[in-house]
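Quick notes on the structure that follows.
Protein chains in written order, with my numbering: chain L, -10 to 401; chain R, -10 to 401.
What follows is the structure in structure tokens.
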């Protein structure tokens, strides 16, 4: 299936700087796709710390199981990512494959298999033969270069219509550190399920325990705040590698809450949000990016659940695809979330204009006032549920005919 | 918008017998639709007991609030249902409307306003003027007839493509009692949300407390087991009225668990399931009825959540629309439900054929074997999650282009 680039894609691929201690290479192994790179190797200098966040699915893939286990060591020497086969629901064969890939990479790099991280995306339920990957590794280790970011981002794509990357800098311990991230994710892959894979690299020197706390916090307000259709992959993986090549951070940083980490933490938040929004912007069939801000909820968690209820509502998403400011459906989606909301204090704004307040339509509201907002590419919905001070903000895309085309077609 | 009849509709409207103590009439009041009946009155003889189940939405409509309150009295003399305006999110004006309709009907029937039940479906956020309804009531009380079931079922339709009704009989206290039910519901109503309204009438003599237990139990395995798109209306209402016209039931029935009630309870279960399936069969854009049976879960409740996760997955629903036996998406939907499942014991069958077992594809499975099942109108998915003995069965429909057409069109 040909994929035209999403109308919500960024204008261009960012100019990605080198990250000390990170070298990248990709290869076309023909696992599923022909004539395109489908395996990425990122080689990391010794001493690289690692953190990770994974799918909450109860049927997660073999590479996710592997990473969760490897993460206990806290150190990484490489990450191997393949597109085309998710190595999910593959039983013992799946475990043998991740073990073989890790052993081969560890042998080449002179490290422990537990320092090799892995992620896979693509068809599920099909055994993934490790041979094409392990054979490619020799060449990949040799070819790895510090500048290969565009190819790296392309090698992990499946039905993505554009390669996703972002870069930021921050001050840490008197030095400037850099954070680069690449991501893939587009909703769903015909004939299989979506997967979001993200790899983030920084030259900052931060130990893995602190790195994990920073990553978990950033993921909570970024990758956990996007949805294309409410379906959760078996394989979602976000990895963060810190090589320390920028030089030692301030001594005595013992906790993620240390104020000296704040600029780094904020830069990481921003990078994660940028990548997360790129995934939502590449949602299958997306014509509009939808931002949903909920305030006044019992807690931030309650606000998040209400916002996700709106974001996952097929009714809301089809209405927006039709450029219809159908706030009644927003009321419905707030109501069905199961969280506390005071109906008679509920206030809804679309594109900054109040459409409903005090449990009924705002008498001053005229639908014509928001028609130009509805015709735009970025729709903003705000709902205040009148209970307390909990708040959340999430992003999704609209539900269009192309989503059905992409996901309802026969398997070829 | 013209609606062609769902390909999943029953062959014909059932032959509905008279229920002693129930008389029906409908009228065209022009609330929203032109030239079609849009208000239904069912007059009930004195002594009629009532039970009800309602939406769990936190932003429920004024008629739902009214019914919940009226239910405390346990007795009913009438139910008034209108289509075209849901009287939801209408603030104090909404309360004034339900109060005015109840007062007018109570005056005409010589009863308390709290014995008048109400339900509304249609546009939300628009004030519902009580005048057209209260004016029509005089004529409706006069015109009410015991035989008017087909007109009654039609008067409450919105985007339904066929009128929904069912009838059953059961033995109770040595007599044959009859249960008639009518329902409306079709997923969503452009430009507004779906609502499922069900009214059930029986000539059995059963006090309201026992009636409530029987109804709640039946609803749990029927109306709570269907979904079109996971969106919950502000207005869902199921009411059960027992006139007692068939004569007194066995004396000494003090509990819903009394074995003498079993035939009635089973008949009620069957009737509710029939009506619930009719709603799923009329899901917007539906081409296939999907039945999902989950076994081996930690509890029946866990099984229900897993089954609903599969039923609400846009990925599963679009795959079935495309006649694609994409069991990988079923694995994903089981995994995302958040309930315990043993990946390596997971077994999935489609159309009775095992496609996956022991955490991987069944080696004996060939996709060609289930192609004829996938091309049919009734798709059966079974998933055993290998934990314990919890089970559940739910029904939904596929997700097609017509769903987007119906719900993504501009409001006219």
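The beta-carbon is built from N, C-alpha and C at its ideal position, and this holds for glycine as well.
Three-state class that DSSP yields for residue 174(R) in the structure shown: Position 185 of the second chain holds residue 174(R). Three-state DSSP puts residue 174(R) in coil, outside helix and strand.
Residue nearest to residue -4(R) in terms of C-alpha spacing, selected from 269(R), 299(R) and 324(R): In the second chain, residue -4(R) corresponds to position 7, counting from 1. It is 269(R) whose Cα lies nearest to the Cα of residue -4(R).
Contact set between the region 379 to 391 of chain L and chain R, restricted to residues whose Cβ is under 9 Å from the partner: 387, 388, 389 and 390
Of the listed residues 79(L), 35(L), 111(L) and 44(L), nearest to residue 67(L) (C-alpha basis): Within the first chain, residue 67(L) is the residue found at index 78, counting from 1. The candidate whose alpha carbon is nearest that of residue 67(L) is 35(L).
Residue -7(L) vs residue 150(L) beta-carbon contact at 8 Å: Numbered from 1 along the first chain, position 4 holds the residue referred to as residue -7(L). Numbered from 1 along the first chain, position 161 holds the residue referred to as residue 150(L). Yes.
Residue 75(R) beta carbon less than 8 Å from that of residue 210(R): On the second chain, residue 210(R) is found 221 positions in, with the first residue counted as 1. On the second chain, residue 75(R) is found 86 positions in, with the first residue counted as 1. Cβ atoms of residue 210(R) and residue 75(R): not closer than 8 Å.
Coarse secondary structure for residue 49(R), derived from DSSP in three states: Here residue 49(R) refers to the residue found at position 60 of the second chain. In the structure shown, residue 49(R) sits in coil (DSSP, three-state: anything other than H, G, I, E or B).
is_contact[residue -4(R), chain L] using C-beta, thresh 8 Å: In the second chain, residue -4(R) corresponds to position 7, counting from 1. Answer no: the Cβ-Cβ gap between residue -4(R) and chain L never drops below 8 Å.
Reference residue 0(R); option with closest CA among 175(R), 303(R), 194(R) and 152(R): Within the second chain, numbered from 1, the residue matching residue 0(R) stands at position 11. When only C-alpha atoms are compared, the closest one is 152(R).
Partner residues on chain R for residue 113(L), Cβ-Cβ distance less than 8 Å: In the first chain, residue 113(L) corresponds to position 124, counting from 1. By Cβ distance, chain R contributes 317, 320 and 321.
Residue range of the alpha helix (DSSP H) that includes residue 386(L): Here residue 386(L) refers to the residue found at position 397 of the first chain. Segment 379 to 386 is the beta strand (DSSP E) holding residue 386(L); no alpha helix (DSSP H) there.
Residue(s) in a DSSP beta bridge with residue 333(R): The residue labelled residue 333(R) in the question sits at position 344 within the second chain. Note: residue 333(R) sits in no beta bridge, so no partner.
Under 9 Å by beta carbon: chain R residues contacting residue 3(L): Indexing the first chain from 1 puts residue 3(L) at position 14. Simply none; closest approach about 31 Å.
Buried versus exposed call for residue 178(R) [16 or more other C-beta atoms within 10 Å across all chains shown]: Counted from its first residue, the second chain places residue 178(R) at position 189. Note that residue 178(R) has pLDDT 33, beneath the 50 cutoff, so the model's placement of it is unreliable and the number below is only indicative. Flag for residue 178(R) reads buried.
Supposed contact pair residue 317(L) and residue 375(L) - C-beta distance, whole angstroms, cut 8 Å: Locating residue 375(L) in the first chain gives position 386, where the first residue counts as 1. Locating residue 317(L) in the first chain gives position 328, where the first residue counts as 1. Actually they do not touch by this definition, with Cβ atoms about 18 Å apart.
Residue 109(R) beta carbon less than 8 Å from that of residue 52(R): Your numbering for residue 52(R) matches position 63 in the second chain. Your numbering for residue 109(R) matches position 120 in the second chain. Yes, they are a contact pair.
Interface partners of residue 402(R) on chain L, CB under 9 Å: In the structure as shown, chain R begins at -10 and stops at 401. Residue 402(R) is therefore absent and cannot be evaluated.
8 Å Cβ cutoff, residue 218(R) in contact with chain L: The count along the second chain starts at 1 and reaches residue 218(R) at position 229. Yes, because at least one Cβ of chain L sits closer than 8 Å to the Cβ of residue 218(R).
Sub-8 Å separation of residue 383(R) and residue 167(R) beta-carbons: Here residue 383(R) is taken as the residue at index 394 of the second chain, counted from 1. Here residue 167(R) is taken as the residue at index 178 of the second chain, counted from 1. It is not a contact, given that the beta carbons lie outside the stated cut-off.
First through last residue of the beta strand (DSSP E) which encompasses residue 8(L): Within the first chain, residue 8(L) is the residue found at index 19, counting from 1. Run containing residue 8(L): none; DSSP gives neither H nor E here.
Residue 204(R) to residue 198(R) span [Cα, whole Å]: Reading the second chain from its first residue, position 215 is the one you call residue 204(R). Reading the second chain from its first residue, position 209 is the one you call residue 198(R). Those two C-alpha atoms are separated by around 10 Å.
Nonlocal neighbours in the same chain, by C-beta distance under 8 Å from residue 158(L), ignoring five residues either side: As a first step, residue 158(L) is located in the first chain; it is residue number 169 there, counting from the start. Result list for residue 158(L): 165, 166, 167, 168 and 256, in chain order.
Three-way DSSP call (helix, strand, coil) for residue 294(L) in this model: Taking the first chain and counting its residues from 1, the one referred to as residue 294(L) is at position 305. Three-state DSSP puts residue 294(L) in a helix.
Chain-ordered residues of the region 300 to 313 of chain R with a beta carbon less than 9 Å from chain L: 301, 302, 303, 304, 305, 306, 307, 308, 309, 310, 311, 312 and 313
Three-state class that DSSP yields for residue 376(R) in the structure shown: Stepping through the second chain from its first residue, residue 376(R) is reached at position 387. Coil.
Near the ligand GDP: residue 397(L) beta-carbon under 7 Å from a heavy atom: In terms of ligand content, the structure shown is empty, and the ligand GDP therefore cannot be addressed.
Limits of the beta strand (DSSP E) - the one that residue 214(L) falls within: Counted from its first residue, the first chain places residue 214(L) at position 225. Element bounds for residue 214(L): n/a, residue is neither H nor E.
Candidates 85(L), 101(L), 146(L) and 319(L): closest to residue 116(L) by CA position: On the first chain, residue 116(L) is found 127 positions in, with the first residue counted as 1. Out of 85(L), 101(L), 146(L) and 319(L), 85(L) has the C-alpha closest to the C-alpha of residue 116(L).
Bounding residues of the alpha helix (DSSP H) (the contiguous stretch that carries residue 200(R)): Start at 1 with the first residue of the second chain, and residue 200(R) comes out as number 211. 197 to 209 is the span of the alpha helix (DSSP H), which, as asked, contains residue 200(R).
Buried or exposed by the 16-neighbour rule on C-beta atoms within 10 Å, applied to residue 24(L): Your numbering for residue 24(L) matches position 35 in the first chain. Per the 10 Å Cβ criterion, exposed.
Chain R within 8 Å of residue 350(L), Cβ atoms only: Numbered from its first residue, the first chain carries residue 350(L) at position 361. Interface residue, yes.
C-beta neighbour in chain R for residue 277(L), strict 8 Å: Here residue 277(L) refers to the residue found at position 288 of the first chain. Chain R contact via Cβ: absent.
Three-way DSSP call (helix, strand, coil) for residue -6(R) in this model: Counting from one through the second chain, the residue named residue -6(R) turns up at place 5. DSSP places residue -6(R) in coil when its eight states are reduced to three.
C-beta neighbour in chain L for residue 223(R), strict 8 Å: By one-based count along the second chain, residue 223(R) stands at place 234. Yes, residue 223(R) counts as interfacial toward chain L.
CB contact check: residue 48(R) to chain L, cutoff 8 Å: Along the second chain, read from residue 1 onward, the residue named residue 48(R) stands at position 59. Taking Cβ atoms only, chain L reaches closer than 8 Å to residue 48(R), which makes this a yes.
is_contact[residue 324(L), chain R] using C-beta, thresh 8 Å: As a working note, residue 324(L) is residue 335 in the first chain. It does: the Cβ of residue 324(L) has a partner Cβ on chain R nearer than 8 Å.
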